[in-house]
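According to the numbering used here, the residues represented by the sequence shown are 880 to 1114, in order.
Think of the CB as a built atom: it goes at the ideal place given N, C-alpha and C, for glycine as much as any other residue.
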Amino acid sequence: MTVALALLSRASEEATASCPEPPYIFGLLLTNTYTKVNVPTPVIKQYGSAGDAPNYFDRAAQLGYVPAQTRMAYISENGLYGAPINLSKSFVYYAAAASQGDAHAMLGLSRLYNRGSRGPGDNNEEQLMAIDVSGWLASTVPNEDEAFQWCQRAAEKGIADALFLLGWYYEAGIGVLRNDEQANYYYGAAADKGHAVAVERMQRLNVTSRYRREEIPRTRRGKKKQKRRWRCLVM
């Protein structure tokens, strides 16, 4: 195990565009997220901690390794492992990985095009703007059309969070005409994949839709009564 780690560490330092994976794997080991092998903590600690992982992910991302680009984009979006929130870096890496077909990068790109929002109840734009070291959020105009299109592409690949967010876009009319039926469909698809909040959203949407159906006829009847009263006054 020790010899293997030493070789991987060296390969990480010597990684190239034709062999960009070693620093990515080393970053996974440092964050204890590498699922193919269980490395004892005392052994991996000789090479650093989770706080050192972003440097390894970033190196692999710069070499064009798509999984590293997506992971580094997510780290920069959320400020993980001691890295600052840097939405400019996040956007660049998400865009690079999304163009290569990575579904999670497509979803991340969708969020950033919509001010970093993850859906209903996520109203921390001002806070996010204040801690974005790049100033990207403050200087970038939202693009709801792009947000919808990238989310739709991610949803087509079956990502539960993308299905949920697409449901929200349809419910709120973000980048698309508001459509409760489509919203309900995508919430249902997300719920089928275990998305707990999607179930709650479906229930709320059904109540709201029923209220709208009941309210519209009532409003129309009210307008007809007003017209009748006006005719009586004219006569």
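query: Separation of residue 1051 from residue 881, as counted between CA atoms; result: 54 Å
query: Three-state secondary structure (DSSP) of residue 920; result: helix
query: Expected contact under 8 Å - CB spacing of residue 1062 and residue 1042 to nearest Å; result: About 11 Å; that fails the 8 Å criterion.
query: N-terminal and C-terminal residue of the alpha helix (DSSP H) that residue 983 is part of; result: 982 to 992
query: Strand pairing of residue 895, partner residues [DSSP]; result: 898
query: Exposed unless 16 or more other CB atoms sit within 10 angstroms - verdict on residue 948; result: buried
query: Simplified DSSP assignment, three categories, for residue 1124; result: Outside the displayed range of the chain (880 to 1114) lies residue 1124, so it cannot be described from this structure.
query: Presumed contact (8 Å Cβ cut-off) between residue 1025 and residue 1048, rounded CB distance; result: About 12 Å; that fails the 8 Å criterion.
query: Rounded distance between the beta-carbons of residue 900 and residue 944, thought under 8 Å; result: 6 Å
query: Candidates 897, 1007, 1078, of which the one nearest residue 955 by Cα; result: 1007
query: Alpha-carbon spacing of residue 1069 relative to residue 961, whole angstroms; result: 31 Å
query: DSSP three-state assignment for residue 938, whether helix, strand or coil; result: helix
query: Collapsed DSSP secondary structure at residue 979 in the structure displayed; result: coil
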